[in-house]
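Worksheet: the structure to be examined is printed underneath.
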Amino acid sequence: MEAARDPEFLPHDGPLREDVRRLGALVGQMLAEQGGQPFFERVEHVRTAAIHRRRSGAAVDALADTLTGLEAADAESLARAFATYFQAVNTAERVHRIRRRRDYQREGGAAQPESLAAVLARLKKDGVGREELASLLDRLDVEPVFTAHPTEAVRRSLLEKEQEIVRALVDEFDPTRTPQERRDDDARILMALSSGWQTAEASPVRPSVQDEFDHISFYIARPIYRVLPALYESLQQAIDETYGEGVTIPRLLRFATWVGGDMDGNPNVNADTVAATLSAQRALVLERYLEDVTALGRLLSQTDDRVTLDDTLARRLQTYRDDLPEAAARIRPRHADMPYRTFLAFVAARLEATLHETAQAYPDADAFIDDIALIERSLLDHDGRHAGAYAVGRLLWRARTFGFHLARLDVRQDARVHDEALGALLDDAEWAQRDTGARVEALRPYASGERAFAAGDGHEAAEMLRAVFATLADARQRYGTEATGLYIISMAETAADVLAVLALARRGGLVDDGRVPLDVAPLFETIDDLAGGAATLQALLDDPVYREHLKARGDRQWVMLGYSDSGKDGGTVASKWSLQRAQAELLDVAAKAGIRVAFFHGRGGSASRGGSRITPALMASPRGSVGGVLRVTEQGEVIHRKYGIRALAVRNLEQTLGAVMRASLRPRETETREAGWKDVMARLSDESRKAYRAFVDTEGFVDYFRGATPIDVIERMTLGSRPARRRSMKGVEDLRAIPWVFSWTQCRAVLTGWYGLGSALDAVAKECGEDDLVRMAHEWPFFSTMLDDVEMVLAKADIDIAEAFSRLAGPLHERFFPMIRAEFERTVAWVLKLKGASELLAGDPRLATSIRLRNPYVDPMSLLQVDLLRRWRATEGKDEALLNALVACVNGVSQGLQNTG
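Just so we're aligned, residue 55 is where the sequence shown starts under my numbering, counting upward by one.
Below is the structure:
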């Protein structure tokens, strides 16, 4: 990857260019060593041909010819080679983000955009005072929710090798490094690349729920755990510099996970995985605390003849000496005059007891926090601010955030499973078909506790759910109320779906002081469900049983919004508008009822599934929809990109906190023209959905989809513990949203992120002209953000390569692909017109450069995938060697395009 490979870097990205060159040279050296010089030369030949095709605008045929008929092993190696180049580019870009952040901090001029310092300066300029800021901080609650994701299952060993490469590149920031040290860095990188090449990207065995937990916990318990205090320190510094000292920061951030609790469509998740996950998370965070406490013990070596100890701490130290004789006996005599070290030895003993659930265990995380806070207070009161209080404060921030549970565990189940169980419990075979009013009336006495179920013992779904709720009840007793999160109902449509959970929870014994201590969140995930969401909420609030339940939960109703299935159901435009409208309508119902509604955003990594830059996304949301609270899913490659490197984890958490603060304190101003724009948007939504449904409802579409995309390969990949389909596939409704988006991304059409918009704009422009559309594109944040997302997807698409995939569908190609190409061209033309641009991403040169960097490596893998698919299908999917090569292509394209699912 020398300069000639892609000279289109931005002028101030010289260091990025150097890193790309350097890593490219080392990748080339590794490929020559591992595959031989002829193999490396073949890679170079294909790469050169790909660059020529892009620059000349030539058809794909010539490039495709160089990739046809390769032996399966050679094809797999070629795909892996290009994937390794992607990893190099991805790593170089991430390191460059760290470099740019350091440049801002070192230069000391204007704050980095979207940093906490920049956000606070803007808020102060907009009239936010200390009291208003402090009031927001008291209620601010940001909770990223990590979910398992069936398009990324990278082994932890490969993640660790990537981190080694990052460390070597970051070391190069030091201009005083010697030539020998640079050679040593190159050797470290080459070793990581070579050992990575000799390691399979994923296990051939489908991951278990435990494997998914291990993958997610890598990010929470490693990079995030380490950097979390730096986030609070950065915020405190920014507040002090902007508003002066004296503003106290409470806990603002916590984490949650679905791994081990997401039962929807996954028979591998049940009460056992809920219990195992909660136990594993507890053990993991306790082990991290033990490491920190041990390190603090070494640091706090103060002796009692040199320092004074706080009286409360001194008394507790004596209590521990009396109550923990075995731990006291293990303390070395030569450490007896070191009070902090001695006290921390007792803290470690209590953590060990907590870990093994023996006598002298901490009753809860608050007791542990109290011990650590005593140390901090004693240090601050006795000249220890610079003698260890800083390190103790860091542990306090971790303990306040992660408790003894690490992350809250959500549970999710399909409403239809609840209905199946209720049908058995009520001995009513027609239960699921009964109207909503009848079901609500029948459920009330069970939901309130006035009546208990008498039948249904032995029914599989009923007993499975009883075990789950019993496990949640036990978890509250063993791990505390913070260990469990929301109970989410998939495919929720009516108030009966929510009352069903209360009734089933009581049967499982999840009751505290006569109430069900559970926040139940209906998930509105289709266009129709979103449209009916306000009516469902109103029906719930009108129900006396549920109203009493909500009062006991602090009068806050959680609602989960499904970005994925709504996009699959109605197309991206109808999905985005339905989500926007649903939030506004739900807020209105809640305000009139005197309760709060909090939104849980089920976003994915791709724009098709709600993926978007956090600040514009929140600023474009309905006024009042944030209100200091952000709960959002984090999935797949997004987790890796955001949290895989410590410095970037801090940056992403800062951006998220800053965006929530801005959207809560100074949301976008009221726009008088917005009422008219909403009418236009409603028409766009209707027309877009009509065009999208006309496409996916065309006769033969399912067969076309299965022929024109690698969905059959994705279904065979060992990526996640959950099946790719809900049931036998008769329509798009039966396929899960992630494989749906992933398949269209792999074939480079990426139509899930744009299909229908061009037709909608054509139709609406004929009705009301283009002037309003142009104004909306430039002056309405919702519409402009949507266009930005669509533009990014269009830029990543390659309609000619998509056509090569489409031809795999045989005669169906002529029926469907002309529709795709025509809609693509319409949409591109409209985006350029509305933005007043001559090419896509003209206003985002950094993203444009990033895409251009990858195209010469994505394109060959895509065309190689076309040839391999044709040959593999000819064997009726029986050739395992071809399948392995296809999997390598899928993984490589996923890494190259990044936000794939």
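For each residue, glycine too, the CB sits at the ideal point set by N, CA and C.
For W612, which residues in the same chain have their Cβ closer than 7 Å to its Cβ, ignoring the five residues on either side in sequence?
L540, D573, A575, A652 and F654
Following the continuous beta strand (DSSP E) through M614, name the residue where it begins and the one where it ends.
R610 to G616
CA nearest to the CA of D740, picked from D816, L344, S355 and M392
D816
Which of helix, strand or coil DSSP assigns to R656:
Correcting the residue identity first, residue 656 is Gly in this sequence and not Arg. In this structure, G656 counts as strand in the three-state DSSP scheme.
Could you tell me the alpha carbon to alpha carbon distance between M915 and T806, rounded to whole angstroms?
21 Å
Quick one: measure Cβ to Cβ for Y394 and L354, integer angstroms, because I've assumed they're closer than 8 Å.
4 Å
In three-state DSSP terms, what is I426?
helix
Does F200 come out as helix, strand or coil in the three-state DSSP assignment?
strand
Residue nearest to R276 in terms of C-alpha spacing, selected from V339, A256, K215 and P92
V339
Could you give the distance in angstroms between the alpha-carbon of H106 and the alpha-carbon of A112?
8 Å
Less than 6 Å between C-beta atoms, sequence neighbours within five positions excluded: which residues of the same chain meet that for Y416?
R404, T408 and F422
Assigned exposure category for V401 - 16 Cβ within 10 Å defines buried
buried
Should the region 722 to 731 be regarded as contacting the region 825 to 839, the criterion being three or more beta carbon pairs within less than 8 Å?
yes
Assigned exposure category for T357 - 16 Cβ within 10 Å defines buried:
exposed
Enclosing alpha helix (DSSP H) for G78 [first to last residue]
G68 to G89
Can you tell me which of the three DSSP states A492 falls into?
helix
Run the CB neighbour count on G512, radius 10 Å, all protein chains shown included, and call it buried at 16 or more, exposed below.
exposed
So for V574, helix, strand or coil by DSSP?
strand
Can you list, in chain order, the residues of its chain whose CB lies under 7 Å from that of L640, leaving out five sequence neighbours each side?
G587, A588, L591, V613 and V651
Can you say whether D960 is buried or exposed, counting buried as having 16 or more other CB atoms within 10 angstroms of its CB?
With the chain covering 55 to 955 only, the question about residue 960 has no answer from this structure.
Does the region 688 to 703 come close enough to the region 212 to 228 to have 3 or more Cβ pairs within less than 8 Å?
yes
What distance in whole Å lies between the Cβ atoms of Y600 and L553, which are believed to be in contact at a cut-off of 8 Å?
6 Å
Taking L344 as the reference, give the member of R452, Q88, L124 and F759 with the closest Cα.
R452
With three or more beta-carbon pairs closer than 8 Å as the criterion, would you say the region 810 to 826 touches the region 893 to 912?
no
Tell me D933's beta-bridge partners as DSSP assigns them.
In DSSP, D933 forms no bridge with anything.
In angstroms with no decimal places, state the Cα-to-Cα distance between E295 and H440.
20 Å
Residue(s) in a DSSP beta bridge with S544:
D468
Could you give the distance in angstroms between the alpha-carbon of A593 and the alpha-carbon of R569?
20 Å
Given a threshold of 16 other Cβ atoms within 10 Å of its Cβ, counted over all protein chains shown, does T302 qualify as buried or as exposed?
exposed
Three-state secondary structure assigned by DSSP to V683
strand
Backbone CA spacing between R160 and D228 [nearest angstrom]
13 Å
Taking the continuous alpha helix (DSSP H) assigned at M518, which residues delimit it?
E514 to Y533
So what does DSSP say about Q141, is it helix, strand or coil?
helix
Output yes or no for whether 8 Å exceeds the beta carbon distance between M830 and K630.
no
Where DSSP assigns a beta bridge to V651, which residues make up the other side?
Q611
Counting pairs of Cβ atoms below 8 Å between the region 316 to 334 and the region 478 to 486, do you hit three or more?
no
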